[in-house]
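Colleague: Got a structure for you, written out below as structure tokens; questions coming shortly.
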Amino acid sequence: MLKFLPLGGGNDIGASSYLVQINRFNFLLDAGLRPRSFKNTPKYIKMFELIEDWSQIDAVFISHPHLDHVGSLPKVFEANPNVPIFVPAQSLPLIKMQIYESLTYQKRTKKYAEDYLGVDYSIDLVSNCLSNIKEIEYNKLTKIKKTNVTFEFWPAGHILGSASIFIKTRKGSLVYTGDISTHKRPSIPDLSYPSRKVDLLIMESTYLSSNHDVSPQEGFNQLYLKVKDITKKGNHVLIPSFALGKAQDITKMFVERNKAEDNPVPVYLDGLVKRITRIYSNLLGESMFFSLKDDSCNLISGIHNDVNEYKKFLERHPGIAIISSSGMLLDGSKSARWAEAILPYEGNGLFFTGYLDEESPGAKLLKCLSEKVISLNGENIPLNAYVDRFYISTHSSALELTNIVQIVNPKIVVLVHGNNPVQKVAEFQQKCERKINRKLTILKSINEEIIELGELFE
Ligand SMILES: [Zn+2]
Ligand SMILES: [Zn+2]
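Numbering (the working numbering), first residue to last: 690 to 1147.
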């Protein structure tokens, strides 16, 4: 018997958490939150409708350290302090940073976020939760005590410390992809899926409906030309970026590209980007990553909350590119502050490189370009800079997703982490069926709706 219940991140992106019940083994895949507020944590209350209490949760598996996959871990730990929490190798320092940062962010945004609910974790709870986490190496089949269940983390090619999770019971097996990318990334292990018999594939589907299939390197090349064009005239560029993963990929691509250029683009890192880049550098070393002493990569320090400090910094440093979090220009973030200093001036540029939540200030900025004014940090900011979007994805394109289905060759696919129209799912199914040369069941998951897959795991 198998039941699958998306508590969040089923037919949307954010707050990923899936409860799976295989016979009497109950486990959670991920425990995320939506970055905007704790209001949007997964609906754990739904879990009580399926099983009686939290002590019946036998394990928690985390695919990677992004907040939309780990942000609710303290909540899970509070409900069941004995539950084993398994995370991929090299992810723990990043999980720690993300959870502590989310606490700081909640406090900072209190004055901006209308939907702030005042939900908070105590520092003791967070540190007890973190000390309970077990890091598991890639490709190491691990047995869960007192069960007949084994699992294995496979490199997922998304960010440092990201994995797909293979879980095998006596009755059957599944793979949860987590967020995945088959494209080569600058500094992390490539996606690698060993050959295993898999009954159920739970697959992210962020870009299943999208037609663009640009490699991260091609996307970066387009971005670099635009950035160079602006900075060589002494103007400034802001690249709001997800602090974890995307920013390190882009920074490394800048550092490498700059080596081949007579007039390199000076890159400055700020916000959480800076601290996470330091963690990448510590975990990977200079040979895999790059030296933080590299001339073309600088870490900004000593700038606080007054927008005039940002403007003065830009006056002192003409022709630079700043990579700063948050990627969606969330109010109160460093990137929103830099945007206040950069957007009013013609000649400057602001370039997005990733996913934008529909309700984020970043998405609103792209929608209201013609209005020449944007509300940021509670202020109306004149909008005269050039704003654009480049695709440097850390997720798989639709084509890559069909390749993954072909490699895993499951009996059934359940799509999560994306809201794709039924028509697009049907087209995707046909493409997969052509590849594997047989019929395949592909199901869309919907938050809070149980999918019964009884016949799979009888
Ligand atoms: Zn992710
Ligand atoms: Zn995600």
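Heads up, the beta-carbon is just placed ideally off N, CA and C, and yes, glycines get one too.
Closest by CA to A1028, which one among G1067, R1005, S816?
Modeller: Out of G1067, R1005, S816, G1067 has the C-alpha closest to the C-alpha of A1028.
Colleague: Identify, in the order they occur along the chain, each residue of the same chain with its Cβ nearer than 7 Å to the Cβ of W743, setting aside the five sequence neighbours on each side.
Modeller: A768, N769
Colleague: Examine ligand 1 and report whether any of its heavy atoms sits within less than 7 Å of the Cβ of I848.
Modeller: yes
Colleague: Are I822 and L781 close, meaning C-beta to C-beta below 8 Å?
Modeller: yes
Colleague: In terms of alpha-carbon separation, which member of G974, A1025, I1031 lies closest to K1001?
Modeller: I1031
Colleague: Check whether the Cβ of I651 lies closer than 7 Å to any heavy atom of ligand 2, and answer yes or no.
Modeller: No answer is possible for residue 651: the residues shown for the chain start at 690 and end at 1147.
Colleague: Quick one: what does DSSP say M665 is sitting in, helix, strand or coil?
Modeller: This structure cannot speak to residue 665, because the chain is shown only from 690 to 1147.
Colleague: Are three or more beta carbon pairs between the segment 897-904 and the segment 1007-1025 nearer than 8 Å?
Modeller: no
Colleague: From F1079 to I833, what does the alpha carbon distance come to, in whole angstroms?
Modeller: 43 Å
Colleague: With distances taken Cα to Cα, identify the nearest neighbour of G934 among E741, I848, Y827.
Modeller: I848
Colleague: Can you find a heavy atom of ligand 1 that lies under 7 Å from the Cβ of H872?
Modeller: no
Colleague: Could you tell me whether the Cβ atoms of I891 and Y913 are closer together than 8 Å?
Modeller: No.
Colleague: Is it the case that the Cβ atoms of D1077 and I1011 are separated by a distance below 8 Å?
Modeller: By the CB criterion at 8 Å, D1077 and I1011 fall outside the cutoff.
Colleague: For the alpha helix (DSSP H) that contains Q1118, what are its first and last residues?
Modeller: Annotation: the continuous alpha helix (DSSP H) that includes Q1118 extends over 1111-1125.
Colleague: With respect to 7 Å, is the separation between the Cβ of S894 and the closest non-hydrogen atom of ligand 2 below this value?
Modeller: no
Colleague: Does F979 come out as helix, strand or coil in the three-state DSSP assignment?
Modeller: coil
Colleague: Taking any heavy atom of ligand 1 as the mark, which residues have a C-beta closer than 5 Å to it, listed down the chain?
Modeller: H755, D868
Colleague: Let me know the beta strand (DSSP E) ranges lying completely inside the segment 953-1028, each 3 residues or longer, listed in chain order.
Modeller: Listed in chain order, they are 956-959, 986-988, 1010-1013.
Colleague: For the beta strand (DSSP E) holding I711, just list the boundary residues, first then last.
Modeller: 706-711
Colleague: Between the C-alpha atoms of H1106 and G698, what's the straight-line distance to the nearest angstrom?
Modeller: 5 Å
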